[in-house]
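First comes the structure, then the notes that go with it.
Protein chains in written order, with our numbering: chain A, 708 to 1388; chain B, 97 to 197; chain C, -1 to 160.
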């Protein structure tokens, strides 16, 4: 297991090194190196998955570590922690990474920096695997920053475009804010426990060496990291902009894996989060889920709709962790990775087709990503259409698809949470409201892109299905949305036990002491109770959402324009993303700039010009006087006198510098003799 | 002849004589001979300490390495001396004090 | 008898070393060096180091000394019978060296040396061989690389015209 995970970790790094140094000189710019590396990784990861399936041990765990820094009492170890969660996550990362690599062959074809693109993908895969495998907070943090770096590099991959370069910077800065809290959280744990290792930290929390408010603060710090990386409100602003990067990157990093890193980290560290932290997590997650979903309704850029949908689904996962049903959150992470990556590939395929069509027509006025310019692509791009429809059904939570299973588990979790603490009724409301909106905007995307007539028939005639390298990943991933892949050996999707997934990934009890704790078992039982209700309600809501979407965008019984006008203010809020960017601009960036200006004014106009310059004038006068004294008295007499003496001394000392080796040796010997005499006497 | 000090004093004498040669001789080959004397005195100390330190053979191995090194050093030194002779037509170290001609 | 031989050998060693550094004839120095080497080798025998003694004779006398004599011959005209050489700073050097010697002897006599009794071994070759191949394998290999380097380097340096 350890060796296998080492291979998984090292191979993408190797691919990165080869690509970055030799990529340009290799045939095909070396893409086969990267693809070969991730294919092996995928093979090894699948092997690991099979072996844990054979074991079928929910407590399975392997750990290996070596000492990295040893400073006496202070010791930092780096190492691997492999359990069922790790293995499942490794498979997800390897699978989506492989698919993105294959997809990119054609999508990034003829890009001048083709080899560097693959190198970055390798770097990302390496660092993501590092996060998954880490067994302590320091290596987690290191790899956490490394994925941030590779994300920055890939968002700004087309750095010639200003928007792309800015988006990269925005992502990096927003993450920085979160990571500051993350670092503080890590350090709080370290100072209290004296170790970075997960197991030591867990033991420290269990034994109460960190407890009460401090533990809550530390947990909030860790959650800050997740807010940044998993793009929760209020740091969600970077993710929609990150869509400036190439589409396979959006699929891999900004839908399936990196943004899930925050969720993964919370799943890993769930047992040390206090109930207070969990409540905060639940509210932020739930709010993000609903908030992002409402924005997604009105967006017209196909990738932005998907980006807000990703935000909303990430909110779901985070909310699930907050409610204590964190295995459901992790389950949703896995299923979401599959269908969202596939949706992004579909969007990429459409954009790719639009690009080619526009390129042929030499038309550069039409935005290839705007859904209003599309329509009727169904017959032109059947593969893209059907895979996207399947994935849309999955994300909407329609029975027999994977999204149905994970979403219901989360919704059951929220209901269970509300049962335990009725004052938090808002949480299930967030969940179910998002469940109503999700199918609405997803089908809106499908209808606007693939149905109805096209606005530009000339463009429509040039639209072609994407090449096989792009459709195959879509077909494979949309195939993986079938419920059977997750429920086997159980074949009844309406029954929530007996799946291999729930067999392997079993919730652990929290180790926090001193709070009112709900045990994992209680949560499980309660979820089981609420399962049927959650299922019925969510299916009904999904049906309702689909119905509205169908009426509005396909049958045109309800006109979107009329509804937009009728909702007026709300519509504008949603369309402008609740003016969050503008609010930040107005209340954070602008005041900060003003503050710096004010400080600058004080510094320059008052302090510098009055005080410093006045001081300078006085000094100037003084300097003139002392200069006279200095030159006439000091310099000519004393300084030059000393200089003359040294010159004389130098003249005489020059005699012994003969340039003869043996003279020098004799002097060295004399030195040794003096030292010896001092020693002996 | 069963006293460590005798050997050490002989070693010290060889060392001092070798050093004297290195400091005073003008001929580079004679300087080299002085260096050989110094190396020999070091070896003598190694062997003597080995003998009186409970016959610990590590000293012998060290002496062997020193001899190997001396051989390598002599070969290189003589090659350099021949080069100097070709360049300056002298092997006196005080005359060949420039780094290049 | 053995004692007498011992002191004679010491006398031979030190005296010939004196000639090595004192003689004005380079070739005399070389011959005296031969006696010093042989004397030191004999001291090794007294110190139960038979193998090292033999190695001393084989390498120093058979190799290095021959090399030195070759060097003398190559750097002087064969025809000049007296290959004389002079010394510099003899007085200062001698004074410094004598002081150093006195200091060293004082140090040697003042130090309470730890002596561990040991039995004279039959031979040391087998044990040295084992040590070289087990404990000192890496230095041994590195020495062989050093020798190779010296070989190539010496050949390259001494090459005529480049």
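C-beta atoms are modelled at their ideal positions from N, C-alpha and C, and glycine is treated no differently. Values in this document were obtained by computation on a predicted structure and should not be read as measured data.
Under the assumption that residue i contacts residue j (Cβ atoms under 8 Å), give the Cβ distance between them as a whole number of angstroms.
| i | j | result |
| --- | --- | --- |
| residue 1282/A | residue 1005/A | 4 Å |
| residue 857/A | residue 830/A | 5 Å |
| residue 106/B | residue 12/C | 7 Å |
| residue 952/A | residue 1021/A | Going by Cβ atoms, the distance from residue 952/A to residue 1021/A rounds to 17 Å, so no, they are not a contact pair. |
| residue 100/B | residue 111/C | 5 Å |
| residue 1011/A | residue 1095/A | Their Cβ separation, rounded to whole angstroms, is 16 Å, which puts residue 1011/A and residue 1095/A out of contact at 8 Å. |
| residue 1009/A | residue 1078/A | 5 Å |
| residue 770/A | residue 785/A | Wrong, their Cβ atoms sit about 12 Å apart, outside the cutoff. |
| residue 884/A | residue 929/A | In fact, because the Cβ distance is near 15 Å, the residues do not count as touching under 8 Å. |
| residue 1036/A | residue 956/A | Actually they are not in contact, since the Cβ atoms of residue 1036/A and residue 956/A sit about 24 Å apart, beyond 8 Å. |
| residue 1064/A | residue 1170/A | 5 Å |
| residue 967/A | residue 937/A | 7 Å |
| residue 31/C | residue 63/C | 6 Å |
| residue 1235/A | residue 1113/A | Not really, about 16 Å apart at Cβ, beyond 8 Å. |
| residue 126/C | residue 167/B | That pair is no contact at about 17 Å. |
Per DSSP, which one or two residues make a beta bridge with residue i?
| i | result |
| --- | --- |
| residue 776/A | 783/A |
| residue 771/A | 787/A |
| residue 121/B | 85/C |
| residue 149/B | 114/C |
| residue 1077/A | 1008/A |
| residue 1189/A | 1108/A |
| residue 121/C | DSSP lists no partner for residue 121/C. |
| residue 904/A | 843/A |
| residue 1146/A | Answer is none; residue 1146/A lacks a bridge partner. |
| residue 1196/A | 1206/A |
| residue 188/B | 123/B |
Does the ligand GTP have even one heavy atom less than 7 Å from the beta-carbon of residue i?
| i | result |
| --- | --- |
| residue 971/A | Among the components modelled here there is no ligand, and therefore nothing to report on the ligand GTP. |
Below 9 Å on C-beta distance, what does residue i contact in chain A?
| i | result |
| --- | --- |
| residue 96/C | In chain order: nothing, as chain A lies at least about 10 Å away. |
| residue 115/B | 1372, 1376 |
| residue 86/C | 1367, 1369, 1370 |
If we define contact as Cβ-Cβ less than 8 Å, is residue i a contact residue for chain B?
| i | result |
| --- | --- |
| residue 1398/A | Because chain A here runs from 708 to 1388, residue 1398/A falls outside it and cannot be looked at. |
| residue 79/C | Model confidence at residue 79/C stands at a pLDDT of 48, short of 50, so the residue's coordinates are unreliable; what they give is reported in the following sentence. Chain B contact via Cβ: absent. |
| residue 829/A | no |
| residue 66/C | yes |
Against chain C, with Cβ distances strictly below 8 Å, would residue i count as a contact?
| i | result |
| --- | --- |
| residue 1362/A | no |
| residue 959/A | no |
| residue 1383/A | yes |
| residue 136/B | yes |
| residue 183/B | no |
| residue 219/B | Residue 219/B falls outside the range modelled here, since chain B spans only 97 to 197, and no answer is possible. |
Interface residues of chain C around residue i at Cβ under 7 Å?
| i | result |
| --- | --- |
| residue 164/B | 141, 145 |
List the residues of chain A whose Cβ lies closer than 8 Å to the Cβ of residue i, in chain order.
| i | result |
| --- | --- |
| residue 90/C | 1373 |
| residue 119/B | 1369, 1372, 1373, 1376 |
Taking C-beta pairs closer than 9 Å, name the residues in chain C that residue i reaches, listed in chain order.
| i | result |
| --- | --- |
| residue 1380/A | 94, 97, 98, 101 |
So which residues on chain C does residue i lean against when the C-beta distance must stay under 8 Å?
| i | result |
| --- | --- |
| residue 106/B | 8, 11, 12, 41 |
| residue 160/B | 50, 53, 126, 130 |
| residue 110/B | 11, 12, 15, 34, 38 |
Any Cβ of chain A within less than 8 Å of the Cβ of residue i?
| i | result |
| --- | --- |
| residue 121/C | no |
| residue 172/B | no |
| residue 18/C | no |
| residue 180/B | no |
| residue 56/C | no |
| residue 150/C | no |
Cβ closer than 7 Å: which chain B residues qualify as neighbours of residue i?
| i | result |
| --- | --- |
| residue 70/C | 125 |
Given that residue i touches chain B, what residues does it touch there, using C-beta distances under 9 Å?
| i | result |
| --- | --- |
| residue 104/C | Going along chain B, no residue has its Cβ under 9 Å from residue 104/C, so there is no contact; the nearest lies around 10 Å. |
| residue 137/C | 157, 161 |
Who are the neighbours of residue i on chain B, taking C-beta pairs under 8 Å?
| i | result |
| --- | --- |
| residue 59/C | The premise fails here: residue 59/C is roughly 11 Å from chain B at the closest Cβ pair, so nothing lies under 8 Å. |
- Residues of the segment 137 to 152 of chain B with a CB closer than 8 Å to any CB of chain C: list them in chain order, please. 139, 140, 143, 144, 146, 147, 148, 149, 150, 151
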